[in-house]
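Comments concern the structure below.
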Amino acid sequence: MKILKKKKLGTFEVYVIFLSCIYAGFIGYKSLLNALFTLN
13 MKILKKKKLG TFEVYVIFLS CIYAGFIGYK SLLNALFTLN
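Residue numbering for the sequence shown follows the numbering used here, starting at 13 and increasing by one per position.
Right under this line is the structure:
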């Protein structure tokens, strides 16, 4: 992690990472709900 010591993460990169995490969680949640509803 010595390479990332001086490189600061920009606001845009943080925003994109945050949105991708939210999107992945939303997709996982919807697929889990769909699996539960199909099993019932």
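All residues carry an ideal CB built from backbone N, CA and C; glycine is no exception.
> Could you give the distance in angstroms between the alpha-carbon of K42 and the alpha-carbon of E25?
Replying inline: Spanning the two alpha carbons is a distance of roughly 26 Å.
> alpha helix (DSSP H) containing N52: first to last residue?
Replying inline: It is not in any alpha helix (DSSP H) - N52 carries neither H nor E in the DSSP assignment.
> With a CB to CB cut of under 8 Å and the five nearest residues on each side skipped, what residues in its chain are close to A47?
Replying inline: Setting aside the 5 residues that flank it on each side, A47 has no residue in the same chain whose C-beta is closer than 8 Å to its C-beta.
>> Whole angstroms are fine: how far does the CA of L44 sit from the CA of F30?
In response: A straight-line Cα-Cα distance of about 21 Å links F30 and L44.
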